[in-house]
Structure formats: C-alpha cells, structure tokens
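Worksheet: the structure to be examined is printed underneath.
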Ligand SMILES: [Zn+2]
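In this note's numbering, the protein residues as written are 1444 to 2200.
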C-alpha cells in the first residue's frame, strides 16, 4: 500500500512535470491555442525530414561545373532546379529577361618601369582539387561593368580606397590625379573603390587581395587550409549598385524583350575608369616597386615588403576590353497555392548563378532551399495546406548585380506591393551562429523561430547560442546583466549584397536575410577554388549547418504562411528607429564639435608644429562649422509611432487573454492586409536624395560603403556629406514617413479590435 502510494505520487509528479512542460511551450504569436499545437506538429515534421545527405547531393550536382550567367551549366542548373520543383509537386515556371552582361575579351596588366613585369591574371589548377582544372569553362578573373580602357600611368597605393584614405593621402601630399591606383579588397564593397578613385582623378584601378585580410596572415592557404592562395583572385561586379541594382539598361523596369532600354552612353552605373582584380602574387612586384612616403601603419598589409604609397616610379599599363553582350537570364519561380488567403504571398529565394563553381556562394544556400522545397512538397501531399501562397524562387544573375531578383521584382512591383507578406533570402552559408538581418517588425518573430532550431554543434537552440555569444562578448558585468534581461536579441539592418535588395528597398516588402556564420575561415570567395572540394574540407563539411539553415528558413516560411494573424511586432520597430534617431543626433553634434576643434588646432598651428620635415604632413583645410539641425519633426513622429505600436500591443494582449481562441474564428482578412502593408508605409515614392530607385526610408546600402547599411539614409548621408539643407529636408520627409507608419499601425490595431469584439 505504502509502496503504491509512492508509485502514485511519482506518477502524479511525472504527469505534472509533463503538463508543466507542455504549458511551458509558449503559444505561437498569431495562432490560436489549437492552431499553435497543430502548427508545431507540422513544423516538427518539417524539421525532422531535412536531410544532410540530400543537401550534400544537391550541392555536389549544382557546383559540378562553372555556372556563371549565360553558361551552359548555368542553364543545366536552372533546368534541374525547375524539374525538381515539379517532381516535388510545386507549380513551377521560368521567367526570362534579356540583360547586358560583359565578359572579358582582352586583359593585360604589365609594369613598364622601373623593371618589367607581366601579371599572370590566372588561377592555376590545384592537383587535389578535381574541379579547379575546368579552365575551358571558367570565366577569367575580371570586374564586371568596368568600362573598356587602355591606360599607362604611375601607380599609387591607396589602402582600401575609401574616402578617408584619400583624405590621408592628401595630407601626405600625394595626388592620384592621372595615376593608376592599387587598392586592397576589404572595408568597403569593391565597386566603391573605382568610384572614389575616379572622383579623385585616377585613370585606372587595380584591386588585390592582401594576405593580411585574405591569405596566409590569417591561416594556412588552400589546399592545406581554407585561406586564399597566392594566385587566388576575387572576381566581382563593380557596377554602381548604390545608384540602382539590376540590369544597367533598365533601371526601375523589368528587362523584358520589349522594355525601353537606356543607350549605352547614358548608363550611369558603369565605372568611369578601367578596373582589374588581381592576386597578391601579381600585386607584390607592383607594390614592391613603389617609393614615396612609407604607408601609414594601418595601411600596411601582410606582404614581406615595406609598403610605400608612391606615386611611382612603378609605371603600369592596364588594358581591359569586354564583350558587351546581351544574355538571357532565367529565374525559376515555384508556388504552393494558399488554401484560404491565396492572395497573400510568403516569398523565399536564393540565387543559383556563381562566378565559377560557387559551392559556397551560392550553392550552400541554394541546396538548403531545395531541401526545404522537397519537404514542403511532401507535406502538401500528406495533407498540409498553407493558408497563404508560398513562392520559392531560384534567381539567376545575382553575381553581376542582383539582376535576376531585381528584374523580377521590377516586373511584378505592383503585385508585390499588393500581395507580399515577406521575403526571406539566403545566399552563402557556413558554420557558427544564426545571423539574422532585416525588417524590425519581424524581429520578435525571428527570435521565436530561433528558439525552436537546434544548433548542430552544441545541442542548444540557435537562439541561445547567439544570446550566449552576445553575453560572452559584452564589455562589462553591467552590460552582461542588461543582455540577460532581454527576451530578444536584435536583428541587424539590411544594406545590400544579395537578392533581398529589390524586395525591401524598391517595393517595401518586409524582408529577412538568414545565414550561419562566425566559425568558418574562408579565402576562396569568388575564385575558382570556391568549389565542392574546398567546401567539403573546410566549409560546412557534413552540411549540418545547411540543415540548420533549411530548418530555420522552412520554419519561418511555414509560420508566416499558416498564422491566423501575421506575427508582426511594432514595439521593436519603434525602439530600433528611436535608437537610429538618437544616434543621428550624436553624429550631428560630434561633427559640429570635431570641426570646431580641428579649426582651432589649425589656427593655433598644431598641425604645422607636429609635422616632421622628413615626413611632412599637409595640415587639413579649415571647414565651415555646420549649423545645428532641428530633429523635432523626427521626435514628434517617434512619439506617434510609439503610441500606435503600444496600442497594437494592448489589443493583441486581449487576443492572448483566452489563449488566442478568438483567432480561430475572428475575421482577420482586413487586419492581415493592413499588417502586410505596414512595411510599404516606410517607403517614399521619390526615393532617397539623388537615388530615386531606393525607396525605403529606414535602410539602404551606403552611397560610399556599398554593401553595408546606412540607417535613415537620407538624413545620415546628408550629414556625412555636409549637405545641410538636404539634411533638414530629409528630416521632414522621414518624419512624414514615420507618421504614415504610425497611422498604418493604428489602422491595423483598430481593425483587430473590431475583429475580436
Ligand atoms: Zn551569392
């Protein structure tokens, strides 16, 4: 008797614990309690079906040969992708565009003085690496959308070739006017380097990978290790994507056969000067031949030379000519129709074109997408019906300038503005931590998804792993305490560099970009060595992070497609924008005090007194002190945004009171449409100052940084570029956009209130 009592007590304890555990699993935002349980079952099925063997199989097949735009293997991959979607039950079609895609015809780089040297411009095969010898199909190393050119001039080393580097050159008394510059890769997107060089009067531009940033200084080089070997070259586009991405001939419209195209001479996004990327093997003799001032300490790379700036005596001849051909590109678009809200679209994409074999960029992401597609197809056959339409895209021509996705978005812009819920992008994937960037109305959502994904190396959730890294990296106990108390980690703002750009910046579709990164070494980016052999020795070797990526993206897609109420959250948006605005105020104030202070140093002779006559530095020029800007319109708009975000949150709290049961029967169609439109309110049809294609007013790639983001770009860049009246106007314009956003959220809150009464 006593014994069975103990047993009974134990059983009760077990049951109690199980119930508590079940209770502990929180309901999903936007789902009723029942809906949440069903949804979790489907998501669980989805995640357990994702196979690393399948992902590895797709990766091997898709990266077997070079597959750049217009190549026969690019077409092979496209046909294979389309056939797989079809086999897995998706409704699939191919959308084609005609775009301008230059390939190299003639490339010569030689040093004429003080000694003669001819650059190889060639990546040799590596015996262990079975695809590195496919030279007949490899696109030679070049920078796409460099203009044709034939120039001979003295050489100047310009460090990373960003605007600050030219300020420093000026102080050294070195001009690049009439020179060919040599810049190292890094610190900015590559297309910025020739743009800034040309603005300073250079006539040609070489870009090389320095071993300090990308080579033996970091670790063993390929094939012994993952880092860039001496002759490895980073290809890549240098089109001015900060003006507009996509086909250079058709800004803002789809590059369909009958589209009205710009004349070649009217295109503004080509470089102004010829450009050629080179290896550090080819760069070393050129750099070693420079004299002039010794490069500042921060400019010195990892080569065994004393870095000088020049100009000369190295005199260099650069000749590049291209086949300026039109090519057909082919996007694969596959759908699973929504059962009840079919005109609300959840979109997901990755590109499949590569510079060469591209096992990492882009096939590591593309093969994860295909495994999601296979699994979703199987679930649909097993009776799962998404509420909303799911659209999976495989983009062509991302590498030359995000062209496949941009042309598709421009062609379907009106439909996307009406129907798109969100766009989820992936591209290269490696190992480590979930790196999530995107629209801040999806920040809470992304955190919820990340809690349900298991990290393959640590057996904790990918949410927890990232959270613990944030804590480990904090600078103080106080900072760590603050991080522990936060229920969400922040997602980063998106600049550019992959196919989300047109969705977010041109049409205002809420977007996310997801990848695992932080643990992989790498030095084969955009070279012939980014291939299956490299990836299966040094990348995500067993494709376990490919599986984690497929699980993360697939869970996100399922949840967005199935939710009764779209899981947007505006408190995160408000607090993020508030952070941007206070940062802008600091930037403006600092700039003001820095200029005052420097002017004073100039007038008291501090620069003249500290200039070493043997290494003379020119004092900087006196600058006008900027006016104080009036941020009140932005602050007032922030208050409105805060109020409406809070209002929406209060109404949603009422939904949750009865476990969300009301969501099971309320009529939410109107609220959902208003929610999916909310990101659109953050755009302005006129775009950013000087670049109308970029319509989003919170995020954009920097005009002088390329990929990396400028938040509240109209205001921030006007301040940085010291254009005070533009800054004032932009403050008003962004404030108006935030007021519109507040009104849109207010409407959604009112509709939700009405729907649950
Ligand atoms: Zn890519």
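Note that CB positions come from ideal geometry on N, CA and C, so glycine has one too. Keep in mind that this is a model prediction, so the values were computed, not measured.
- Annotation for residue 1794 indicates a beta carbon within 7 Å of some heavy atom of ligand 1.
- Rounded to whole angstroms, residue 1568 and residue 1934 show a C-alpha spacing of 40 Å.
- Between residue 2000 and residue 1963, the alpha-carbon positions lie close to 26 Å from each other.
- Comparing C-alpha distances from residue 1731 to each of 1719, 1613, 1759 shows the shortest one belongs to 1759.
- The C-beta distance from residue 1535 to residue 1777 rounds to 4 Å, short enough to meet the 8 Å contact threshold.
- The three-state reading of DSSP puts residue 1827 in coil, since its state is none of H, G, I, E or B.
- Between the segment 1714 to 1728 and the segment 1688 to 1704 there are fewer than three C-beta pairs closer than 8 Å, too few to call the two in contact.
- DSSP places residue 2066 outside both helix and strand once states are collapsed to three, so it counts as coil.
- At a cut-off of 7 Å, the beta-carbon of residue 1880 does not count as near ligand 1: no heavy atom of the ligand is closer than that.
- Linking residue 1582 to residue 2161 through their CA atoms gives a straight-line distance of about 39 Å.
- Counting of Cβ neighbours within 10 angstroms places residue 1754 among the buried residues, the total reaching 16 or more.
- Taking one beta carbon from each stretch, the segment 1860 to 1880 and the segment 1889 to 1905 have 3 or more pairs nearer than 8 Å; the two touch.
- Short of 6 Å from the beta carbon of residue 1940, and not among the five residues preceding or following it, lie these beta carbons of its own chain, in chain order: 2150.
- Counting only runs of 4+ residues, the alpha helix (DSSP H) found wholly inside the segment 1514 to 1564 occupies 1515 to 1530, in chain order.
- Comparing alpha carbon positions, the residue from 1481, 1792, 1736 closest to residue 1954 is 1792.
- Contact check between the segment 1680 to 1688 and the segment 1830 to 1845: three or more CB pairs, one atom from each, fall below 8 Å, which counts as touching.
- Note on geometry: alpha-carbon atoms of residue 1650 and residue 1928 lie some 45 Å from one another.
- The beta carbons of residue 1871 and residue 2011 sit no closer together than 8 Å.
- Annotation: the segment 1631 to 1683 contains the following complete segments of the alpha helix (DSSP H) (minimum length 4 residues), in chain order: 1635 to 1642, 1654 to 1657.
- Residue 2008 is positioned such that its CB atom lies no closer than 8 Å to that of residue 2094.
- No Cβ-Cβ contact shorter than 8 Å links residue 2110 with residue 2187.
- Taking all protein chains in view, the Cβ of residue 2053 is surrounded by fewer than 16 other Cβ atoms within 10 Å, so the residue is classified as exposed.
- Closest by C-alpha distance to residue 1494, out of 2182, 2132, 2135, 1985, is 1985.
- Residue 1717 has its CB no nearer than 7 Å to any heavy atom of ligand 1.
- Going by DSSP, residue 1606 is part of the alpha helix (DSSP H) stretching over 1606 to 1614.
- With respect to the 8 Å criterion, residue 1587 and residue 1637 are not classified as neighbours on the basis of their beta carbons.
- Under DSSP, the beta-bridge partners assigned to residue 1720 are 1650.
- Cβ-Cβ separation between residue 1675 and residue 1656: approximately 13 Å, too far for a contact (criterion under 8 Å).
- Here residue 1558 is exposed: its Cβ has fewer than 16 other Cβ atoms, across all protein chains shown, within 10 Å.
- For the alpha helix (DSSP H) assignment, the uninterrupted runs of no fewer than 4 residues enclosed by the segment 1959 to 2039 are, from N- to C-terminal side, 1975 to 1981, 1987 to 2005.
- Residue pairing from DSSP leaves residue 1581 without any beta-bridge partner.
- If you draw a 10 Å sphere on the C-beta of residue 1810, you find 16 or more other C-beta atoms in it, and that means buried.
- Secondary-structure assignment with DSSP links residue 1586 through a beta bridge to 1679.
- With 16 or more other CB atoms across the displayed protein chains lying within 10 angstroms of its CB, residue 1509 is buried.
- The continuous stretches of alpha helix (DSSP H) do not include residue 1877, which lies in the beta strand (DSSP E) extending over residues 1875 to 1881.
- In this structure residue 1859 is not in contact with residue 1690, their Cβ atoms being roughly 18 Å apart against a cut-off of 8 Å.
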